[in-house]
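Numbering (the UniProt record's numbering), first residue to last: 1 to 101.
Dropping the structure here:
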């Protein structure tokens with residue numbers, strides 16, 4: 001009975017080693033390398049999509065904060081602020097037509 005147990009343990013270990021070895025070898029074949037690179041590319045595309053989404057959200061927050069979409073700021077002033085945020089009109093209060101610092 002003890003021999004049968006050790007034969008089963010040896011066979012199980014052998015199967016495990018062969019499967020692990022074949023998976024490792026598969027990773028280094030051209031197809032395996034292609035799959036690995038494809039998964040890296042998918043990850044990069046996903047990361048770029050998340051970054052673009054965050055940029056769009058932030059742009060919308062800035063547009064609301066500047067009042068561009070609400071009509072509180074005329075488009076020319078908004079465009080000049082986008083091109084030169086520290087230029088003239090950067091600190092103007094449109095309701096009082098005065099500057100504040």
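Positions of the beta carbon are idealized from the N, C-alpha and C atoms, including for glycine.
| Spatial neighbours of residue 26 in its chain, beta-carbon cut-off 6 Å, leaving aside the 5 residues before and after | Here residue 26 refers to the residue found at position 26 when the chain shown is read from its first residue. Hits under 6 Å: 32.
| Where does residue 1 fall in DSSP's three states? | If you number the chain shown from 1, residue 1 lands on position 1. Annotated three-state conformation of residue 1 is coil, per DSSP.
| field | Residue environment, residue 99, which counts as buried when at least 16 other CB atoms sit within 10 Å | value | Within the chain shown, residue 99 is the residue found at index 99, counting from 1. Only weak support is given to the placement of residue 99: the predicted model assigns it a pLDDT of 49, under 50, and the value that follows is read from those uncertain coordinates. Exposed.
| message | I need the boundaries of the alpha helix (DSSP H) containing residue 77, first residue and last residue. | response | By one-based count along the chain shown, residue 77 stands at place 77. Where residue 77 is concerned, the enclosing alpha helix (DSSP H) stretches over 75 to 83.
| How about residue 78 and residue 66: do their beta carbons lie closer than 8 Å? | Along the chain shown, read from residue 1 onward, the residue named residue 78 stands at position 78. Along the chain shown, read from residue 1 onward, the residue named residue 66 stands at position 66. Cβ atoms of residue 78 and residue 66: closer than 8 Å.
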